[in-house]
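Novice:
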Amino acid sequence: MLLTEKRDYKLYVDIRQGEGEEESPRNLTELSFSNLELLHEIVMSSLPQQRLPGDDCQKRRYELAYRIYLLEMALEVQKDTLKKSGRIAHLDSSEKSLIHYYLGTALTKMIARRLFQTDYLTHLSAIRQADGRYLNSPGSNRNDMIGAKLTENGYRVWSVKGRSQNSRNAMKIGCREVCDFQAISGGKPEIQAVCMTYYDGGYLNAAVQIPGKSYLEKSRQVSVDFERKSYLRAYYQCVCQLFSKEGERQNYRRDKKFYEDGIVTEIPLFSGGEAEKNRVLRVGISRKLLSCVRDGENGLEDCIQQLCWQETLDREQYMGGDGIYIC
């Protein structure tokens, strides 16, 4: 499978709410998306702070290319449905777990955006507090993600569970984790949800669980606090690290197709065989947005709201609601 091939995919998402007598009827939703939309989510799926390869531009670009390569190795396509590939059968369990986690993070971001109107989703540990230190999850081995809408100030909590098969235990753990958050920046979480990706009969599926009251009653009652600009900077930091800084050799060029001040960088990807040598992924951003994220300007939120692209997209490009485009 090559994610640079222009094609559409579909994924079935099983949405469940509550448990026991409180459980609502299950909702099975078919989600269709293009290869570029999936690539956008992979690019914008920030890793937990402890897994980021520092601020080095070249390391960040290589890490992204390697993550895409792993997902291409792990999946194959039958018509428009994603399946588990036999090419990773020789890997040990820890290596497979990492791939499942990468896949789960990207698809959780897409599901949260498409089905739950969550414009942004980033790891809690990528957000800085007012004193400059990174936030920590209330426990070990957790993948707490904080979501938000561009036009509203509230926040949502998501937990990512990437698995090889459907796991009720993983869902229960995720429900306990998201319910630990009593308040985020002074407000009650608007949504608390767990998203698990898994294989059923070799086909990739996803399930979303919104926990019921029983989990809330047993929660740790944790509160976290951060500024809105710190949250937005954490979200965009992963893509800004792909672009060279002042004083480094410039790795981007001007691209006025969507923004007057647009710039685009090319990420070399691993070869997909003789017919797919010299593959590249092009990632574009507004130079003003890049500067706002890097310089710590207070006008970051205003800058995002003022973004306006100029051209109708076709199947050769994908523009995310966050203003980052893939082509």
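Number 60 in full-length UniProt numbering belongs to position 60 of the sequence shown; there are no gaps in the numbering. Beta carbons: idealized from backbone N, C-alpha and C, even for Gly. Predicted model only: the values in this text are computed from it and were never measured.
#1: Buried or exposed, going by whether 16 or more other CB atoms sit within 10 Å of the CB of F270?
#2: Whole angstroms are fine: how far does the CA of A89 sit from the CA of M1?
#3: Does the stretch 56-75 come close enough to the stretch 229-243 that 3 or more CB-CB pairs lie under 8 Å?
#4: May I have the straight-line CA-CA distance separating L135 from S125, to the nearest angstrom?
#5: Taking a contact to mean a Cβ-Cβ separation below 8 Å, would you say F33 touches M145 in this structure?
#6: Please return the same chain residues whose Cβ sits closer than 8 Å to the Cβ of G262, not counting the five positions on each side in sequence.
#7: By how many angstroms is the C-alpha of G296 removed from the C-alpha of S93?
#8: Helix, strand or coil: which one does DSSP assign to Q17?
#9: I want to know whether the stretch 112-130 touches the stretch 218-232 - three or more CB-CB distances under 8 Å.
#10: Kindly indicate which three-state DSSP category T105 falls into: helix, strand or coil?
#11: Mind listing, in chain order, the continuous beta strand (DSSP E) runs of no fewer than 3 residues lying wholly within the stretch 109-188?
#12: From the DSSP secondary-structure annotation, give me the bridge partner or partners of S286.
#13: Tell me the rounded alpha-carbon separation between Y62 and E266.
#14: For a test of the three-state rule: what should DSSP assign to R87, helix, strand or coil?
#15: Give me, in chain order, the residues of the same chain whose beta-carbon lies closer than 6 Å to that of R7; leave out the 5 immediate sequence neighbours on both sides.
#16: How far does the alpha helix (DSSP H) with S230 in it reach, from first residue to last?
#17: Quick one, which of T151, R26, L289, G174 has its alpha-carbon nearest V157's?
#18: Quick one: using the 10 Å Cβ neighbour count with 16 as the cut-off for buried, is L28 buried or exposed?
#19: Would you kindly work out how many angstroms separate the C-alpha atoms of Y155 and Q117, rounded to a whole number?
#20: Would you be able to state if there are at least three C-beta pairs under 8 Å between the stretch 176-192 and the stretch 160-168?
#21: So, using beta-carbon positions, are G186 and D225 closer together than 8 Å?
#22: Spatial neighbours of R279 within its chain, please: C-beta separation below 8 Å, excluding the five flanking residues on both sides.
#23: DSSP on E95, reduced to helix/strand/coil?
#24: Would the C-beta of V194 count as close to the ligand ATP, meaning under 7 Å from any of its heavy atoms?
#25: In the DSSP assignment, what are the bridge partners of R254?
#26: If you count every other CB in all the chains shown that lies within 10 Å of the CB of S137, and 16 or more means buried, which is it?
#27: Relative to the C-alpha of G18, which candidate in M171, G247, L281 has its C-alpha closest?
#28: With which residues is C195 paired in a DSSP beta bridge?
Specialist: On the basis of the data shown:
#1: exposed
#2: 16 Å
#3: yes
#4: 5 Å
#5: no
#6: R254, D255, K256, G284, I285, S286, R287
#7: 41 Å
#8: strand
#9: yes
#10: helix
#11: 120-123, 144-148, 155-162, 181-184
#12: G262
#13: 12 Å
#14: helix
#15: N35
#16: 228-240
#17: G174
#18: exposed
#19: 12 Å
#20: no
#21: yes
#22: L2, T4, P268, L269, F270, S271, G272
#23: helix
#24: Because no ligand of any kind appears in the structure shown, any question about the ligand ATP cannot be addressed here.
#25: I263
#26: buried
#27: M171
#28: V160, V208
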